[in-house]
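Residue numbers (my numbering), protein chains in the order written: chain C, 2 to 348; chain A, 98 to 539; chain E, 30 to 308.
Every residue gets a Cβ at the ideal spot worked out from N, C-alpha and C, and that includes glycine.
Before any comments, here is the structure.
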Ligand SMILES: Cc1cc2nc3c(=O)[nH]c(=O)nc-3n(C[C@H](O)[C@H](O)[C@H](O)COP(=O)(O)OP(=O)(O)OC[C@H]3O[C@@H](n4cnc5c(N)ncnc54)[C@H](O)[C@@H]3O)c2cc1C
Ligand SMILES: Cc1cc2nc3c(=O)[nH]c(=O)nc-3n(C[C@H](O)[C@H](O)[C@H](O)COP(=O)(O)OP(=O)(O)OC[C@H]3O[C@@H](n4cnc5c(N)ncnc54)[C@H](O)[C@@H]3O)c2cc1C
Ligand SMILES: Nc1ncnc2c1ncn2[C@@H]1O[C@H](COP(=O)(O)O)[C@@H](O)[C@H]1O
């Protein structure tokens, strides 16, 4: 009898957990359930376990149990107080070698992507980055089910499913918000295992002199999750204030069609389209934009598109998931109203 | 910055790796000259646009064994001619067989991104040094005006050569800078060509255009109700796996009717005859490019001390036949030959450069351009030409081929009435004469 | 003497990528190949330091012969030496095998000519994995600074550098020993417009071609397909978006129309995003 371990790296900074960690515990549980039958047949155990690194973070280990971990390996030491590549990857490789997990999931955050490549290389195993779908599937030539990790490639034009046949663990980094947040169950029981930290300050090779918390972010619409874009239909530059209000409410940024840049209402950095930026946010709201080809090519790959236009035949509606035929000066204030109500209701 | 001895210098500089440029460079390099070909694009052809079809007679004149060098042709043109569109009808006048069955064909449909690259590679094989991603912005000149090199947009960007051949295409900024032409081309003499490249499975293309297989292709000019009766000429070219569909409209017309080119193209693509041809296709590219349709009337002075102009930059386009590539290539060749002569004689002044114009006169280029000199003017002054006659043709033929159960004499009277209702007989006769003047150079 | 090494990859320009609607395959035809943009910015920074400190910049790439054009472009941007790792046996490498070949080569170059800074791009835009840089750092046992946005200081005598890196939360000012490996954001440096003499030199430049035969000794089972634990199991196009739905405020009223839109967004999982906004 062996233990089949499904591992999740619990990411925290300054004692705050990145929510993707909990999402991944949910994923690990789902993957574990997909091999339950197979494991029962061979008499194997299947467990979901978290690995947590930091200083004074035991309370987080406890949380991990509530979010579904059967066990958490806790490394609590000043050398791990803040994230650094070397001590973190060395610790993770060592514990992985010690217990031999079958699957190891890490959030595809800036921290997680920095870490995952280093861990995988030092364990000499395969890593699939930025996955958007995961499954334990049957694969010809393999007795056990394997991790089928699906990820976008070539700017999202292609989905590739990757697997790692022989090396273990099978590693994946997973985009935040792809999977749902599991229920928190404060009655859940589990074990917290304190582990010895081997990494030392000397082996860290780097130290952070200063953390600079930035205030006003400069626009980076290419990578924004939410973009609220306006076009000539705004009529006046004042209209941009309304868009900004909606964007702020959504944690997004303001985009624009070319005429607004040409008339100097907003800077080029905001232009979406063929001669501006190509964007693919999760949510794109197009207000008063007709949907000329040159605009569409820059935004049609967005995950979800809401178009607001007073002309029912505007071509923007061809690429929109939802088209609202109406006056943006009526629709957007209503959107703000409903979003605020929604937030209040869930707060 | 450059001191004299670390100057970058060549025997010949050619500006623009379109069609004329590589031709000029190839010819000069073959004679052993050290040639720089300067192209502003990332790669030759990347941003170049045309209909279109390329004529092999011109290529063959430079590279007799061109077919062995695997030119990136799409399809041979095995059927060519005119389509006349009315609001809802179509009359075709195309030919197949005969000369169009020649092997290799007289013309091939092509896409510039791949063709220009190949064409430039043929020049590079002769030793031409391609300098991409660099835009020529001005000339280096002696006190007397003799051109001795070019300035580019790069830091430390001067390049010297006793002969500069300008093949910059229709945006003739450099030609203007040299004072070879005083003004921008007039909107009434410039057409904006806009087109889409639409991908369709080859079998669908063959079925829709009645082509037996992928080794047959169609090239037609579309006249008439191309875009709501505007004076303009449309085209349809079949490529291997795509269609090139577009039209040319005079800039003056766009301005007059306040139209956006893309709208005009959209309307053309939605025409009941055109729409089914492109239905279900995937849009791959959309682009526009100017065409200097003024021809002979808009030609700049073709040479000055140390410099020559060829191709679109010199308005060498026959608007009725969509011939521009062959003129560009042959003019490039003749410019290259003139550069060789100048090096042979060690004289780069106008006295030798004038030989270029002589060569053009002996070729088909200047005679053709002269003959068609009135064509764009004719279109500009006869806007109804595009609206009236194709519609008449459709109605008339429609009547002719319908059985009405009435005496045929009535039918012919009706047809005549359908014409005179549109245009009085004397005016129709006048149209025919002006058309003849424009095309035959009467 | 200061020596920087930059790893550059050639990638298809993904902003121009098309998928054959029939076969679902990538249409490579007509898709321009470019230097991975992050690598180009990294290179620009390396060249900036060369201009400041003297010394030289070597670029390194693994890929087919067609990558020569990218190494030439690197020379245009100011690199002094280009090495292309090219061999059939390298083909089909995943990030683990790639990091092996690059790391071994960097070791060899370092022996010829000690390296102080090793630059990588943040990620390659074709795969977006961001794994090769960290992988190489681990194999070389070097410190790594990912998401580098600025190099504040390079001190060759004391063998240390101060670098800024940008994460989701903050900017960190990191001090490390040399040599150090950086993976760079585009902000690290603007790409300059190269002077004409550099362009001309680059057009005539031929990079050194290194293969399985040498000068490095590679282990056969660590390179290419053999050295790659992962395989691509299948490829497909992402599901096409459903044709959208339209609602007219004149018929439904404003409130209903917005509700309708948010309801759809909810089903697509966007509402979580809406609620997460403006944290
Ligand atoms: C080579 C080239 C490159 C280009 N690159 C770009 C590019 O990168 N990005 C880009 O955007 N464009 C680009 N363009 C321009 C593009 O062709 C269009 O002209 C432009 O996108 C139109 O902008 P618009 O939709 O804001 O304006 P319009 O086309 O004028 O549309 C305004 C829309 O607002 C609607 N409207 C009006 N009032 C209201 C109201 N009160 N409420 C709701 N709706 C209302 C109208 O119905 C209309 O549909 C490019 C063009 C060319 C030729
Ligand atoms: C829609 C359309 C359809 C057409 N159809 C046909 C057809 O079917 N058959 C046909 O024979 N002809 C056709 N033509 C005409 C034909 O395309 C042109 O006549 C021909 O391309 C002219 O060649 P060229 O070398 O003079 O100019 P171009 O092909 O325009 O080349 C000019 C080159 O110079 C470069 N350049 C410009 N300025 C600079 C600078 N300052 N520094 C460096 N580089 C510079 C440009 O990037 C370009 O590569 C068509 C044209 C259009 C627009
Ligand atoms: N084949 C390669 N040759 C050289 N450098 C590479 C190669 N593949 C990746 N890199 C480098 O590694 C970085 C990250 O790539 P990736 O991990 O594929 O996203 C790139 O920006 C390059 O600097």
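Between which two residues does the alpha helix (DSSP H) holding residue i run?
i                      : result
residue 276 of chain E : Where residue 276 of chain E is concerned, there is no enclosing alpha helix (DSSP H), although the beta strand (DSSP E) it sits in stretches over 274-277.
residue 295 of chain E : 283-296
residue 231 of chain E : 225-233
residue 199 of chain E : From DSSP, residue 199 of chain E is part of no alpha helix (DSSP H); its letter is neither H nor E.
residue 453 of chain A : 447-459
residue 189 of chain A : Counting along the chain, residue 189 of chain A falls outside any alpha helix (DSSP H), though it belongs to the beta strand (DSSP E) covering 187-193.
Taking 7 Å as the cut-off, is the C-beta of residue i nearer than that to any heavy atom in ligand 2?
i                      : result
residue 168 of chain A : no
residue 264 of chain A : yes
residue 331 of chain A : no
residue 386 of chain A : yes
residue 409 of chain A : yes
residue 151 of chain A : yes
residue 116 of chain A : yes
residue 271 of chain A : yes
Taking C-beta to C-beta, are residue i and residue j nearer than 8 Å?
i                      : j                      : result
residue 275 of chain E : residue 324 of chain C : yes
residue 277 of chain C : residue 233 of chain C : no
residue 346 of chain A : residue 308 of chain A : no
residue 184 of chain A : residue 372 of chain A : no
residue 124 of chain E : residue 91 of chain E  : no
residue 88 of chain E  : residue 35 of chain E  : yes
residue 36 of chain C  : residue 137 of chain C : yes
residue 146 of chain A : residue 172 of chain A : no
residue 222 of chain E : residue 145 of chain E : no
residue 132 of chain A : residue 430 of chain A : no
So which of the options has the shortest CA-CA distance to residue i?
i                      : options                    : result
residue 180 of chain E : E/153, E/196, E/186, E/148 : E/148
residue 320 of chain C : C/307, C/331, C/328, C/312 : C/307
residue 383 of chain A : A/374, A/342, A/459        : A/342
residue 223 of chain A : A/129, A/249, A/142        : A/129
residue 76 of chain E  : E/288, E/212, E/103        : E/103
residue 159 of chain A : A/289, A/126, A/149        : A/126
residue 201 of chain A : A/271, A/168, A/491, A/317 : A/168
residue 195 of chain A : A/489, A/180, A/175        : A/175
residue 282 of chain C : C/255, C/263, C/269        : C/255
residue 33 of chain E  : E/183, E/261, E/228        : E/183
residue 65 of chain E  : E/94, E/219, E/155         : E/155
residue 257 of chain C : C/273, C/227, C/243, C/249 : C/273
Does the distance between the C-beta of residue i and the nearest non-hydrogen atom of ligand 1 fall short of 7 Å?
i                      : result
residue 319 of chain C : no
residue 260 of chain C : yes
residue 186 of chain C : no
residue 228 of chain C : no
residue 145 of chain A : no
residue 312 of chain C : yes
What are the boundary residues of the beta strand (DSSP E) that includes residue i?
i                      : result
residue 151 of chain C : 147-154
residue 238 of chain E : 237-239
residue 153 of chain E : That residue, residue 153 of chain E, is in no beta strand (DSSP E); it is neither H nor E in DSSP.
Going along chain F in order, which residues have a C-beta closer than 9 Å to the C-beta of residue i?
i                      : result
residue 232 of chain E : Reference to chain F is not applicable here, since the protein chains of this structure are C, A and E.
Regarding residue i and ligand 3, is the C-beta to nearest heavy atom distance less than 7 Å?
i                      : result
residue 91 of chain E  : yes
residue 38 of chain E  : yes
residue 352 of chain A : no
residue 121 of chain C : no
residue 131 of chain E : yes
residue 67 of chain E  : yes
Would the beta-carbon of residue i be found less than 7 Å away from any heavy atom of ligand 4?
i                     : result
residue 94 of chain E : Summarising the ligand content, the structure contains ligand 1, ligand 2 and ligand 3 and does not contain ligand 4.
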